[in-house]
Structure formats: C-alpha cells, structure tokens
Amino acid sequence: RARLDGDVYRLNGTKLWTTNGWHADTYVVYAKTEPGAGKAGITAFIVRRDSPGFEVR
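Laid out in structure tokens, this is it:
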C-alpha cells in the first residue's frame with residue numbers, strides 16, 4: 041500500500057522471494073494507491089535500495 045504524505049508517497053508492505061533481488065540497486069515496486077479503483081488504483085514506484093526503511097534480506 042502507498043499513501044500520499046505531503047508531497048511524497050509512503051510505501052508499506054512486504055514482498056517475499058524475489059529471485060536475485062539482492063543483486064539490484066533499484067527496484068520497481070507496485071502498490072495500491074487507490075484501493076477502491078481496482079487495477080487503475082495501482083501505481084509503479086522506482087525505489088532505490090538505499091531508501092530509508094527499505095530492506096533486502
């Protein structure tokens with residue numbers, strides 16, 4: 041899920057088992073921004089590995 045907080049979005053959620061995900065420095069994350077809008081309510085975000093709160097294990 042992604043929520044607008046001022047002029048930025050805050051992403052919250054988890055993803056398990058991304059094959060070779062630990063190799064990447066940048067990720068494309070799809071999150072619901074408008075839950076009632078069906079597939080039109082999904083937004084793609086580009087997230088850098090060093091973003092605060094982002095963790096790869």
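Numbers 41 to 97, taken from the working numbering, label the letters of the sequence shown in order. Glycine included, every Cβ here is placed at the ideal spot set by N, Cα and C.
Segment limits, beta strand (DSSP E) that includes residue i
i, result
"T59", "Note, T59: premise wrong, no beta strand (DSSP E); not H, not E."
"D98", "Since the first and last residues shown for the chain are 41 and 97, residue 98 lies out of range."
Supposed close pair residue i, residue j - CB separation, criterion 8 angstroms
i, j, result
"I82", "Y70", "6 angstroms"
"W115", "V87", "This structure gives no information on residue 115, because the portion of the chain shown stretches from 41 to 97."
Minimum Cβ-Cβ distance from residue i to chain E less than 8 angstroms
i, result
"Y67", "No chain E appears in this structure, which consists of one protein chain only."
> Going along the chain, which unbroken runs of the alpha helix (DSSP H) with 4 or more residues stay wholly within the region 62 to 96?
Replying inline: none
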